[in-house]
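Scroll down for the structure; my scribbles are underneath it.
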Amino acid sequence: MLSKAQNDLITQTGPGTSGGRFLRSYWQPIATAEEMPVGGAPMPVKIMGEELVLFRDDKDRLGLIGLHCAHRGTDLSYGRVENGGLRCLYHGWLFDINGKCLDQPAEPKDKKFCHKVRQTSYPVQEKGGCIWTYMGDGEAPLIPDFEFLRAAGPNRMTFRIVQNCNWLQGVESSTDPAHTTYLHRLAAGAPSVRSGTNVSLRSMRGDEPPEIDIEHASFGTRIFALHKSPNGRRYLRINNFVFPNAATPSTSTGDAGYQGRWYVPIDDYAHCRFEFIYRYAQPLDKDALRKNRDENVSTADLRHIRRPENRYLQDREEQKRDESFTGMGRYFAAHDAFAIETQGSIQDRTEEHLGSSDVVIIEVRKALFKAIRQMEETGEAPGLLRDPAENQFADFLCISGYIEDHEDGPAFCRRMLGTKAAAE
Ligand SMILES: [Fe+2]
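Right under this line is the structure:
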């Protein structure tokens, strides 16, 4: 349980808030590369309450500038891409990718004041199938160089979905290993739609709640969920809280891959979930993934088709037949959206009752409080990547598997990291 002030501190991200200054200290994904192709139209983007427009100029250079024209506020995302910038439709003012005003055609030649006008602008970079921005003060740090971001194109795919609740509820769901036994439970033998495999997770990890443990790592927190498998062995899932607003939950692809997920505030009441789907060994079946997504996510608003307006299309008969725990189909991401959106647009954490299975939730919040405090005391947020040598995360691992009888989670992890290092 948190106090109202604590809950406000880690959920509010608007300009001028501590939580907002904190998240602005790190690069954030704002759009998928697919949404902003060469020659594509400008795209309005809202992030942490700030309205911006992402565009490519006539030389294909990416820019991210304030949405409302500095002249009289008209929406620049409708503007014309020409003459080295983006031109407002109202009076033709022209801004380049750095927000510099290049032209004020409605002003008489001797009365132009371009040099006095500047549109807000933020740097952008492309990485891992996404476009990222840095909205902080001072010199930008590095974008984290995780394997799922730098992998070859055929092995990764990036999606963006919009969820109508505070970003922290997203992070808390992705880092919470206890909920999968319930929320995502499907009839034995039924494949999840996400993995497309015929292996039932339940057959490996059983129905009992896992033993949960955590340890600190260079990138955030490593999370162990140890399940008693019906075959008598112990099945371990390792997933990660990636500081400050991301996670890599293990998925039913087992040791073949996993997802990186960033939860980026649109404002305090909605966020984008960026999914970086990654498989190590073989290329992804992108057509199947795209089809799967289009069946579950509306292309019109990037929200799940199952949503509060239709009560998440809950089917009580499906639930009675025990085909799924929720009666909400087999698409895990929609289950998660249901769980977090119905907590309220900002969960009132003064009213919750955490248990011992919430150890990760407590840890994530602790890390955020500590980091915000450190930023307020020293002026700089912690964990900013400046040195490329530190941007490698050799201790990163996201894997599931049976562990040996003599092993615990950390020992399994060391063994797997050793195998991984030897292979590289
Ligand atoms: Fe989930």
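Counting along the sequence shown from 1, when you hit position 396 you're at 1886 in the numbering used here, and nothing is skipped either side. We put the beta carbon where it would ideally sit given N, CA and C, even for glycine.
- prompt: Among residues of its own chain, excluding the 5 on either side of Ala-1523, which ones have a beta-carbon nearer than 8 Å to its beta-carbon?
  reply: As a first step, residue 1523 is located in the sequence shown; it is residue number 33 there, counting from the start. The answer, listed in chain order, is Glu-1616, Gly-1619, Cys-1620, Ile-1621 and Thr-1648.
query: Contact between the segment 1877-1888 and the segment 1704-1714: three or more CB pairs below 8 Å?
result: By the Cβ test, the segment 1877-1888 is in contact with the segment 1704-1714, since at least three Cβ pairs between them sit closer than 8 Å.
- request: For Asn-1881, I'd like the list of residues in its chain whose CB is within less than 8 Å of its CB, leaving aside the five on either flank, ordered along the chain.
  value: Taking the sequence shown and counting its residues from 1, one reaches residue 1881 at position 391. Excluding five sequence positions before and after Asn-1881, the CB atoms of its chain that fall closer than 8 Å to its own CB belong to Leu-1632, Pro-1634, Asp-1635 and Leu-1875, given in chain order.
message: With a threshold of 6 Å on Cβ separation, who are the neighbours of Asn-1654 within its own chain once the five nearest residues in sequence on each side are excluded?
response: The sequence position of residue 1654 within the sequence shown is 164, counting from 1. If you ignore the 5 residues before and after Asn-1654, its C-beta comes within less than 6 Å of the C-beta of Ala-1760 and Glu-1831, all in its own chain and listed in chain order.
message: Looking at ligand 1, does it come within less than 7 Å of His-1843, judged from the CB to the closest heavy atom?
response: Locating residue 1843 in the sequence shown gives position 353, counting from the first residue. Flag unset: Cβ of His-1843 not near ligand 1.
message: Relative to the C-alpha of Ala-1642, which candidate in Thr-1909, Phe-1766, Phe-1815 and Arg-1514 has its C-alpha closest?
response: Stepping through the sequence shown from its first residue, residue 1642 is reached at position 152. Proximity to Ala-1642 across Thr-1909, Phe-1766, Phe-1815 and Arg-1514 peaks at Phe-1766, based on C-alpha coordinates.
- prompt: For the segment 1660-1677 against the segment 1785-1796, are there 3 or more C-beta pairs whose distance is under 8 Å?
  reply: Contact fails: fewer than three Cβ-Cβ distances are below 8 Å.
query: When DSSP labels each residue in this structure, what does Arg-1646 get in the three-state scheme?
result: Residue mapping note: residue 1646 aligns to position 156 of the sequence shown, counting from 1. Note: Arg-1646 maps to strand in three-state DSSP.
task: Starting from Lys-1533, follow the beta strand (DSSP E) in both directions and report where the run begins and ends.
output: On the sequence shown, residue 1533 is found 43 positions in, with the first residue counted as 1. This sequence places Met at residue 1533; Lys is not what is there. Following the DSSP letters along the chain, one finds Met-1533 inside the beta strand (DSSP E) bounded by residues 1533-1537.
message: Suppose the cutoff is 7 Å on Cβ atoms and the five residues either side in sequence are ignored; what does the same chain contact list for Ile-1893 look like?
response: Within the sequence shown, the letter at position 403 stands for residue 1893. In its chain, beyond the 5 residues on either side, Arg-1724, Leu-1726 and Phe-1902 have a beta carbon closer than 7 Å to the beta carbon of Ile-1893.
- prompt: With C-beta atoms as the reference, is Pro-1519 less than 8 Å away from Phe-1764?
  reply: On the sequence shown, position 29 is the one that residue 1519 refers to. On the sequence shown, position 274 is the one that residue 1764 refers to. In this structure, Phe-1764 lies closer than 8 Å to Pro-1519 by Cβ.
- request: Taking only heavy atoms of ligand 1 into account, decide whether any of them is closer than 7 Å to the Cβ of Ser-1890.
  value: Translated into positions along the sequence shown, residue 1890 becomes position 400. Answer for Ser-1890: no, Cβ out of range of ligand 1.
query: How long is the line joining the alpha carbons of Gly-1686 and Thr-1670, rounded to whole angstroms?
result: Residue 1686 sits at position 196 when you count from the first residue of the sequence shown. Residue 1670 sits at position 180 when you count from the first residue of the sequence shown. Per-residue confidence for Gly-1686 stands at a pLDDT of 41, beneath the threshold of 50, marking its modelled position as unreliable; no derived number is given.
task: Measure the C-alpha to C-alpha separation of Ile-1852 and Gly-1891 and round it to an integer number of angstroms.
output: For the purposes of this step, residue 1852 is taken as the residue at position 362 of the sequence shown. For the purposes of this step, residue 1891 is taken as the residue at position 401 of the sequence shown. If you take the alpha carbons of Ile-1852 and Gly-1891, they lie about 26 Å apart.
task: Evaluate the contact criterion for the segment 1606-1613 versus the segment 1589-1597: three or more CB pairs, one atom per stretch, below 8 Å.
output: Put simply, the segment 1606-1613 touches the segment 1589-1597. At least three CB pairs are less than 8 Å apart.
query: Are three or more beta carbon pairs between the segment 1766-1781 and the segment 1806-1816 nearer than 8 Å?
result: They do not touch, by the three-pair rule.
- prompt: Should Asp-1826 be counted as a contact of ligand 1 given a C-beta to heavy atom distance under 7 Å?
  reply: The sequence position of residue 1826 within the sequence shown is 336, counting from 1. When distances are taken from the beta-carbon of Asp-1826 to the heavy atoms of ligand 1, the shortest one is below 7 Å.
task: In angstroms with no decimal places, state the Cα-to-Cα distance between Phe-1714 and Gly-1696.
output: Working through the sequence shown from its first residue, we reach residue 1714 at position 224. Working through the sequence shown from its first residue, we reach residue 1696 at position 206. Going from the Cα of Phe-1714 to the Cα of Gly-1696 covers about 16 Å.
task: For the alpha helix (DSSP H) holding Trp-1657, just list the boundary residues, first then last.
output: Taking the first residue of the sequence shown as position 1, residue 1657 is located at position 167. The continuous alpha helix (DSSP H) containing Trp-1657 extends over residues 1657-1664.
message: I'd like the ranges of any alpha helix (DSSP H) spanning at least 4 consecutive residues and lying wholly in the segment 1785-1864.
response: Within the segment 1785-1864, the runs of alpha helix (DSSP H) at least 4 residues long that lie entirely inside it are, in chain order, 1806-1810 and 1822-1831.
query: Measuring from the CB of Ser-1663, is there a heavy atom of ligand 1 at a distance below 7 Å?
result: Within the sequence shown, residue 1663 is the residue found at index 173, counting from 1. Ser-1663: yes, Cβ under 7 Å from ligand 1.
query: Cα separation between Asp-1757 and Gly-1722?
result: The residue labelled residue 1757 in the question sits at position 267 within the sequence shown. The residue labelled residue 1722 in the question sits at position 232 within the sequence shown. Note on geometry: alpha-carbon atoms of Asp-1757 and Gly-1722 lie some 47 Å from one another.
query: Comparing alpha-carbon positions, which option in Glu-1867, Asp-1627, Arg-1675 and Lys-1781 lies nearest Trp-1517?
result: The residue you call residue 1517 lines up with position 27 of the sequence shown. Checked all of Glu-1867, Asp-1627, Arg-1675 and Lys-1781; the closest Cα to Trp-1517 is Asp-1627.
task: Reducing DSSP to helix, strand and coil, say where Leu-1774 ends up.
output: Counting from one through the sequence shown, the residue named residue 1774 turns up at place 284. Note: Leu-1774 maps to coil in three-state DSSP.
query: At which residues does the alpha helix (DSSP H) containing Gly-1750 begin and terminate?
result: The sequence position of residue 1750 within the sequence shown is 260, counting from 1. Careful: Gly-1750 lies outside any alpha helix (DSSP H), inside the beta strand (DSSP E) at 1747-1757.
field: Separation of Phe-1512 from Met-1865, as counted between CA atoms
entry: Here the question's residue 1865 lines up with position 375 in the sequence shown. Here the question's residue 1512 lines up with position 22 in the sequence shown. Answer to the nearest angstrom: the Cα atoms are 7 Å apart.
- request: Report the rounded CA-to-CA distance for Lys-1910 versus Arg-1904, giving the unit in angstroms.
  value: By 1-based counting over the sequence shown, the position of residue 1910 is 420. By 1-based counting over the sequence shown, the position of residue 1904 is 414. Whole-angstrom Cα-Cα distance: 10 Å.
His-1558 beta carbon near ligand 1 (any heavy atom closer than 7 Å): The sequence position of residue 1558 within the sequence shown is 68, counting from 1. Not so, every heavy atom of ligand 1 lies at least 7 Å from the Cβ.
query: Under the three-state reduction of DSSP, which class applies to Tyr-1624: helix, strand or coil?
result: Sequence index remark: in the sequence shown, residue 1624 carries index 134 (1-based). Secondary structure at Tyr-1624: coil, using DSSP grouped into helix, strand and coil.
field: Residue range of the unbroken alpha helix (DSSP H) whose run includes Glu-1541
entry: On the sequence shown, position 51 is the one that residue 1541 refers to. Taken as a continuous stretch (DSSP letters only), Glu-1541 belongs to no alpha helix (DSSP H), being part of the beta strand (DSSP E) at 1540-1546.
task: Please confirm whether any heavy atom of ligand 1 lies closer than 7 Å to the CB of Thr-1670.
output: Start at 1 with the first residue of the sequence shown, and residue 1670 comes out as number 180. Yes, the Cβ of Thr-1670 comes within 7 Å of a heavy atom of ligand 1.
- prompt: In chain order, what residues of the same chain lie with their CB nearer than 6 Å to the CB of Pro-1644, ignoring the 5 residues before and after it?
  reply: Mapped onto the sequence shown, residue 1644 falls at position 154. Result list for Pro-1644: Pro-1773, in chain order.
message: Quick check on DSSP: helix, strand or coil for Asp-1498?
response: For the purposes of this step, residue 1498 is identified with residue 8 of the sequence shown, where counting begins at 1. If DSSP states are grouped into helix, strand and coil, Asp-1498 belongs with the helices.
- request: Measure the C-alpha to C-alpha separation of Glu-1914 and Glu-1637 and round it to an integer number of angstroms.
  value: Start at 1 with the first residue of the sequence shown, and residue 1914 comes out as number 424. Start at 1 with the first residue of the sequence shown, and residue 1637 comes out as number 147. About 12 Å.
task: Check the DSSP bridge columns for Pro-1613 and list the partner residues they point to.
output: Numbered from 1 along the sequence shown, position 123 holds the residue referred to as residue 1613. Residue pairing from DSSP leaves Pro-1613 without any beta-bridge partner.
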